[in-house]
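Q: In the numbering used here, the protein residues as written are 38 to 276.
Beta carbons: idealized from backbone N, C-alpha and C, even for Gly.
Starting off with a structure, shown below.
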């Protein structure tokens with residue numbers, strides 16, 4: 038579970054987050070959508086324990102991301118927009134190295150490569166992978182330790198439509214297994230009828246909650262406002 042309350046973050050006195058509050062539940066896919074520069078990536082980095090908020094609180098799987106950062110990170114797997122790996126290591130070597138650090142069985146590495154369609158390139162070095170393949174390797178990396186909370190920042194940007202659909206199917210299965218899944222994206226229409234909840238972020242604030250079964254094609258379309266006004270959210274946004 039993720040609970041964020043009134044998160045504020047500034048860089049050089051420039052506000053980036055102006056009081057973000059949201060909640061993501063186990064067994065659900067929650068979207069944080071919005072245009073570029075809305076504060077989505079900053080929010081997810083705070084939840085991953087990579088940067089500290091100026092104020093506000095956030096808990097991941099029951100752990101405070103500031104005061105209990107190590108425990109929170111152990112319960113979390115995070116996929117950045119552009120994952121990077123040691124260029125000279127193969128896909129399998131990268132996963133096995135991480136598996137050793139996290140106490141994960143080596144056999145799970147091969148299983149995750151097969152799940153993400155990288156079984157045939159298991160022995161290919163990272164420097165030889167396309168952008169889409171590196172993103173899929175990032176997904177395999179994300180799933181390897183079987184973390185309770187999955188955080189994905191714009192995971193579909195480098196993927197073709199077929200693999201974006203496959204990623205959604207994988208995340209759906211992970212959510213049904215009890216995971217809390219939070220995804221940031223500006224490709225809003227592609228997640229229609231996939232997510233369980235959807236928060237619209239603008240200028241560092243949660244502007245509204247959208248109906249995940251009737252997402253607009255873009256953030257400025259008239260139906261974005263209509264969707265919000267007619268949708269009764271399952272849970273209220275934290276105050």
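When we look at the beta-carbon of residue 139 and count the other beta-carbons within 10 Å, is it buried (16 or more) or exposed?
A: For the purposes of this step, residue 139 is taken as the residue at position 102 of the chain shown. That one is exposed.
Q: On the DSSP letters alone, give me the boundaries of the alpha helix (DSSP H) that residue 79 sits inside.
A: Within the chain shown, the letter at position 42 stands for residue 79. For residue 79, the enclosing alpha helix (DSSP H) has its first and last residue at 77 to 84.
Q: Measuring only the C-alpha atoms, how far is residue 262 from residue 134?
A: As a working note, residue 262 is residue 225 in the chain shown. As a working note, residue 134 is residue 97 in the chain shown. The predicted position of residue 262 is uncertain, since its pLDDT is 43 and thus under 50; a value taken from the coordinates is nonetheless stated next. So the alpha carbons of these two residues sit roughly 47 angstroms apart.
Q: Just reading off the alpha helix (DSSP H) that residue 60 is part of, what are its end residues?
A: For the purposes of this step, residue 60 is taken as the residue at position 23 of the chain shown. Counting along the chain, residue 60 falls outside any alpha helix (DSSP H), though it belongs to the beta strand (DSSP E) covering 51 to 61.
Q: Do you know whose CA, among 227, 146 and 147, lies nearest residue 205's CA?
A: Working through the chain shown from its first residue, we reach residue 205 at position 168. Here the closest residue by C-alpha is 227.
Q: Return the first residue and the last residue of the beta strand (DSSP E) that residue 46 is part of.
A: Here the question's residue 46 lines up with position 9 in the chain shown. 39 to 48 is the extent of the beta strand (DSSP E) around residue 46.
Q: Report the residue from 235, 219 and 144 whose alpha carbon sits nearest the alpha carbon of residue 17.
A: There is no way to answer for residue 17, as the model of the chain reaches only from 38 to 276.
Q: According to the neighbour-count rule (16 or more other Cβ atoms, all chains shown, within 10 Å of its Cβ), is residue 243 buried or exposed?
A: As a first step, residue 243 is located in the chain shown; it is residue number 206 there, counting from the start. Per the 10 Å Cβ criterion, buried.
Q: Can you give me the C-alpha to C-alpha distance between residue 269 and residue 100, rounded to a whole angstrom?
A: Position 232 of the chain shown, counting from 1, holds the residue named residue 269. Position 63 of the chain shown, counting from 1, holds the residue named residue 100. Its pLDDT being 40, under 50, residue 269 is placed unreliably by the model, and the measurement read from it follows with that caveat. Straight-line Cα distance between these residues: approximately 29 angstroms.
Q: Please name the residue in 156, 70, 116 and 72 whose C-alpha comes closest to that of residue 208.
A: Here residue 208 corresponds to residue number 171 of the chain shown, with the count starting at 1. Considering only alpha carbons, the answer is 116.
Q: What residue does the alpha helix (DSSP H) around residue 150 start on, and which one ends it?
A: Walking along the chain shown from the start, residue 150 turns up at place 113. Its alpha helix (DSSP H) spans residues 144 to 152.
Q: Three-state secondary structure (DSSP) at residue 215?
A: Here residue 215 corresponds to residue number 178 of the chain shown, with the count starting at 1. In this structure, residue 215 counts as coil in the three-state DSSP scheme.
Q: Answer yes if the stretch 52 to 67 comes into contact with the stretch 230 to 240, meaning at least three C-beta pairs across the two stretches below 8 angstroms, and no otherwise.
A: Yes, they touch.
Q: Buried or exposed: residue 241, going by 16 or more other Cβ atoms within 10 Å of its Cβ?
A: Taking the first residue of the chain shown as 1, we reach residue 241 at position 204. With 16 or more other Cβ atoms from the protein chains shown falling within 10 Å of its own Cβ, residue 241 counts as buried.
Q: At what residue ranges does the stretch 110 to 179 contain a whole run of the alpha helix (DSSP H), taking only runs of 4 or more?
A: With a minimum length of 4 residues, the continuous alpha helix (DSSP H) runs that stay inside the stretch 110 to 179 are 128 to 139 and 144 to 152.
Q: Considering only residues of the same chain and omitting the five flanking positions on each side of residue 230, which have a CB-CB separation below 6 angstroms?
A: Residue mapping note: residue 230 aligns to position 193 of the chain shown, counting from 1. Same-chain partners within the cutoff: 250.
Q: Apply the 10 Å Cβ neighbour rule to residue 167 and answer buried if 16 or more other Cβ atoms are within range, or exposed otherwise.
A: As a position in the chain shown, residue 167 is number 130, starting the count at 1. Sixteen is the threshold: since fewer than 16 other Cβ atoms of the shown chains lie within 10 Å of the Cβ of residue 167, the residue is exposed.
Q: Cβ of residue 212 within 9 angstroms of Cβ of residue 66?
A: As a working note, residue 212 is residue 175 in the chain shown. As a working note, residue 66 is residue 29 in the chain shown. In this structure, the beta-carbon distance from residue 212 to residue 66 falls below 9 angstroms.
Q: Tell me the rounded alpha-carbon separation between residue 51 and residue 45.
A: Here residue 51 is taken as the residue at index 14 of the chain shown, counted from 1. Here residue 45 is taken as the residue at index 8 of the chain shown, counted from 1. Each residue's Cα considered, the two are about 11 angstroms apart.
Q: Let me confirm a value: residue 160 is counted as buried when at least 16 other C-beta atoms fall within 10 Å, else exposed. Which label applies?
A: If you number the chain shown from 1, residue 160 lands on position 123. Exposed.
Q: Going by the beta-carbon positions, is the gap between residue 91 and residue 47 smaller than 9 angstroms?
A: Residue mapping note: residue 91 aligns to position 54 of the chain shown, counting from 1. Residue mapping note: residue 47 aligns to position 10 of the chain shown, counting from 1. The answer is yes: Cβ separation under 9 angstroms.
Q: Out of curiosity, what's the CA-to-CA distance linking residue 154 and residue 104?
A: Position 117 of the chain shown, counted from the first residue, corresponds to residue 154. Position 67 of the chain shown, counted from the first residue, corresponds to residue 104. Residue 154 and residue 104: Cα-Cα distance of roughly 38 angstroms.
Q: Looking at the secondary structure, which residues open and close the beta strand (DSSP E) in which residue 97 lies?
A: Your numbering for residue 97 matches position 60 in the chain shown. Residues 92 to 97.
Q: In terms of alpha-carbon separation, which member of 198, 253, 200 and 176 lies closest to residue 190?
A: Position 153 of the chain shown, counted from the start, is the residue given in the question as residue 190. The shortest C-alpha separation from residue 190 is found at 176.
Q: Is the distance from the Cβ of residue 71 to the Cβ of residue 223 below 9 angstroms?
A: If you number the chain shown from 1, residue 71 lands on position 34. If you number the chain shown from 1, residue 223 lands on position 186. A contact, by the Cβ cut-off of 9 angstroms.
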